[in-house]
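**Q** Below is a structure I'd like to ask you about.
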Ligand SMILES: [Zn+2]
């Protein structure tokens, strides 16, 4: 029995459960369906459909390898026949009622080592389906599970060995300059400079990083989000600089994805940032169908919670570094195209190019370094290890 495996999976369940609203425990839940499916990247998906939002924890058993999903306050239905796709890691799915708790047990053909928290989705009801808890995983960890002597300390070492993957997105580029100051400073140039500095600092700190662009080229928003998906990023950071009709307005602001804007200003900003895609008429890259499906429900509970956690972290380190914050809500939300992915992330407006003093500041190495240091600090505090 692999200690590491159990710890990893236990960690996931502990964290995810805390995201769920307390309300979830009040209503009696019932099982509506069970199925497995194959996902790109050799992933297996287990889907558990329920009448109410599920409250759950995960266990992992070996010999044979079994993934156990404990659904609290849920009644099973032995009449439900699981629908099993071929070529996945799931051999069979069974139910076991233990008092108020329903255990859904997926027997696996191979052992798995972890389920990253961004691979657990709770999708809202949609059309004929109820709530769906979807867990994606791949085979792995055979060497780790073979080692029975593996200790908690060793497991810590192991998880440290995996470098978190961060995708840095410098906004705009090429024919899309973004905001332009009165003096002619272009958003696309400022954010690229900061993005390069951020990459250097993160690389030096042992992260694996990718940039959506490292030169002055145009990319549409889906392509940017797609780069994060393709690289299986743990975190996505989109860097921007703002402009406001009022030349008095200044300060940074931080945004996460939501279907609806948190306020009118956030909506206006999202419209402006999303406008980049209207420049490109042809060659409009689209998400793979499976990602689009997940997004159509747009209730990726874990992803949005993690994004907010990260965004709040950045706000804190910016304020601690003495970087001026734009008046208004500390964290805003809006439907930004570039954040539309299954990767947790945030869009950071570093400051206002329309504010004369702040524009000057944004151009200086000192201030850019300060911004970068604060973002690195926030990333350092962000909990990747789940
Ligand atoms: Zn921008």
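Numbering (my numbering), first residue to last: 597 to 982.
Positions of the beta carbon are idealized from the N, C-alpha and C atoms, including for glycine.
Nothing here was measured: the structure is a model prediction, and the numbers come from that model.
I need the straight-line Cα distance from residue 952 to residue 979, nearest angstrom please.
**A** As a position in the chain shown, residue 952 is number 356, starting the count at 1. As a position in the chain shown, residue 979 is number 383, starting the count at 1. About 37 Å.
**Q** Quick one: is residue 767 buried, meaning 16 or more other Cβ sit within 10 Å of its Cβ, or exposed?
**A** Position 171 of the chain shown, counted from the first residue, corresponds to residue 767. Buried, since its Cβ has 16 or more Cβ neighbours within 10 Å.
**Q** Quick check: does the Cβ of residue 766 come within less than 7 Å of any heavy atom belonging to ligand 1?
**A** In the chain shown, counting from the first residue as 1, residue 766 sits at position 170. No, the Cβ of residue 766 stays beyond 7 Å of every heavy atom of ligand 1.
**Q** Using the C-alpha atoms, what's the distance from residue 831 back to residue 650?
**A** One-based indexing of the chain shown puts residue 650 at position 54. One-based indexing of the chain shown puts residue 831 at position 235. Rounded to whole angstroms, residue 650 to residue 831 spans 26 Å at the Cα level.
**Q** Assuming residue 819 is part of the alpha helix (DSSP H), what are its boundary residues?
**A** Taking the chain shown and counting its residues from 1, the one referred to as residue 819 is at position 223. First-last of the alpha helix (DSSP H) with residue 819: 817–826.
**Q** Tell me the rounded alpha-carbon separation between residue 798 and residue 971.
**A** As a first step, residue 798 must be located in the chain shown, where it is residue number 202. As a first step, residue 971 must be located in the chain shown, where it is residue number 375. Going by the C-alpha atoms only, they are around 10 Å apart.
**Q** Using a threshold of 8 Å, state whether the C-beta atoms of residue 900 and residue 942 are closer than that.
**A** Counted from its first residue, the chain shown places residue 900 at position 304. Counted from its first residue, the chain shown places residue 942 at position 346. Their beta carbons are not under 8 Å apart, which means residue 900 does not touch residue 942 by this criterion.
**Q** Would you say residue 974 and residue 906 are within 8 Å of each other, going by their C-beta atoms?
**A** In the chain shown, residue 974 corresponds to position 378, counting from 1. In the chain shown, residue 906 corresponds to position 310, counting from 1. Yes, the Cβ-Cβ distance between residue 974 and residue 906 is below 8 Å.
**Q** Can the beta-carbon of residue 701 be found less than 8 Å from the beta-carbon of residue 630?
**A** Locating residue 701 in the chain shown gives position 105, counting from the first residue. Locating residue 630 in the chain shown gives position 34, counting from the first residue. No, the pair does not count as a contact, with Cβ atoms beyond the cut-off.
**Q** Could you tell me how far apart the beta carbons of residue 836 and residue 954 are, in whole angstroms, since I believe they sit closer than 8 Å?
**A** Reading the chain shown from its first residue, position 240 is the one you call residue 836. Reading the chain shown from its first residue, position 358 is the one you call residue 954. Wrong, their Cβ atoms sit about 14 Å apart, outside the cutoff.
**Q** Which same chain residues end up closer than 8 Å to residue 727 when comparing Cβ atoms and leaving out the 5 residues on each side of it in sequence?
**A** Along the chain shown, read from residue 1 onward, the residue named residue 727 stands at position 131. Closer than 8 Å at the Cβ level, and outside the excluded window around residue 727, lie 645, 646, 647, 648, 649, 650, 718, 719, 720 and 721.
**Q** Just how far apart, CA to CA, sit residue 821 and residue 833?
**A** On the chain shown, residue 821 is found 225 positions in, with the first residue counted as 1. On the chain shown, residue 833 is found 237 positions in, with the first residue counted as 1. If I take the Cα positions, the gap works out to 10 Å.
**Q** Within 10 Å of its beta-carbon, does residue 843 have 16 or more other beta-carbons around it, so buried, or fewer, so exposed?
**A** The residue given as residue 843 occupies position 247 in the chain shown. Classification for residue 843: exposed.
**Q** For residue 918, which option in 840, 930, 965 and 928 has the closest C-alpha, if you only look at C-alpha atoms?
**A** Position 322 of the chain shown holds residue 918. Among 840, 930, 965 and 928, the Cα nearest to that of residue 918 is on 965.
**Q** Quick check on residue 982: buried or exposed, where buried means 16 or more other Cβ atoms within 10 Å of its Cβ?
**A** On the chain shown, residue 982 is found 386 positions in, with the first residue counted as 1. Residue placement at residue 982 is flagged as unreliable, the pLDDT there being 44, under the threshold of 50; the coordinate-derived value follows with that caveat. Its Cβ being crowded by 16 or more others within 10 Å, residue 982 is buried.
**Q** Could you check how far apart the C-beta atoms of residue 947 and residue 814 are, in whole angstroms? I think they sit under 8 Å.
**A** Position 351 of the chain shown, counted from the first residue, corresponds to residue 947. Position 218 of the chain shown, counted from the first residue, corresponds to residue 814. Actually they do not touch by this definition, with Cβ atoms about 23 Å apart.
**Q** Among the candidates 736, 627 and 710, whose CA atom is the shortest distance from the CA of residue 690?
**A** In the chain shown, the residue the question calls residue 690 occupies position 94. For residue 690, the nearest C-alpha among the options comes from 627.
**Q** Count the other C-beta atoms from every protein chain shown that fall within 10 angstroms of the C-beta of residue 752, then say buried if there are 16 or more, exposed otherwise.
**A** Translated into the one-based positions of the chain shown, residue 752 becomes position 156. The predicted model places residue 752 with a pLDDT of 40, which falls under 50 and marks its position as unreliable, so this point remains unresolved.
**Q** With which residues is residue 653 paired in a DSSP beta bridge?
**A** Residue numbering aside, residue 653 sits at position 57 when the chain shown is read from its first letter. Per DSSP, 666.
**Q** Restricting to Cα atoms, I'd like to know which of 733, 780 and 641 is closest to residue 950.
**A** Residue 950 sits at position 354 when you count from the first residue of the chain shown. The candidate whose alpha carbon is nearest that of residue 950 is 780.
**Q** Can you check which of these residues, 688, 667 and 909, is closest to residue 695 by C-alpha distance?
**A** The sequence position of residue 695 within the chain shown is 99, counting from 1. Of the listed residues, the one whose Cα sits closest to residue 695 is 667.
**Q** Evaluate residue 940 with the Cβ neighbour count: other Cβ atoms within 10 Å of its Cβ, from every protein chain shown; 16 or more gives buried, anything less gives exposed.
**A** Numbered from 1 along the chain shown, position 344 holds the residue referred to as residue 940. Burial call: buried.
**Q** Return the chain-ordered list of same chain residues with a C-beta closer than 6 Å to the C-beta of residue 699, the five sequence neighbours on each side being excluded.
**A** Here the question's residue 699 lines up with position 103 in the chain shown. Contacts found: 664, 666 and 692.
**Q** Using the Cα positions of residue 850 and residue 656, report the straight-line distance between them to the nearest angstrom.
**A** On the chain shown, position 254 is the one that residue 850 refers to. On the chain shown, position 60 is the one that residue 656 refers to. Their Cα atoms are separated by approximately 38 Å.
**Q** Which first and last residues belong to the alpha helix (DSSP H) in which residue 860 is found?
**A** Counting from 1 along the chain shown, the entry for residue 860 is found at position 264. Where residue 860 is concerned, the enclosing alpha helix (DSSP H) stretches over 860–870.
**Q** Please identify the residue among 704, 871, 763 and 930 whose C-alpha is closest to the C-alpha of residue 803.
**A** For the purposes of this step, residue 803 is taken as residue 207 along the chain shown, with counting starting at 1. With distances taken between Cα atoms, residue 803 lies closest to 763.
**Q** If distances are taken between C-alpha atoms only, which option among 977, 922, 960 and 969 comes closest to residue 785?
**A** The residue you call residue 785 lines up with position 189 of the chain shown. Residue 960 is the option with its Cα nearest to residue 785.
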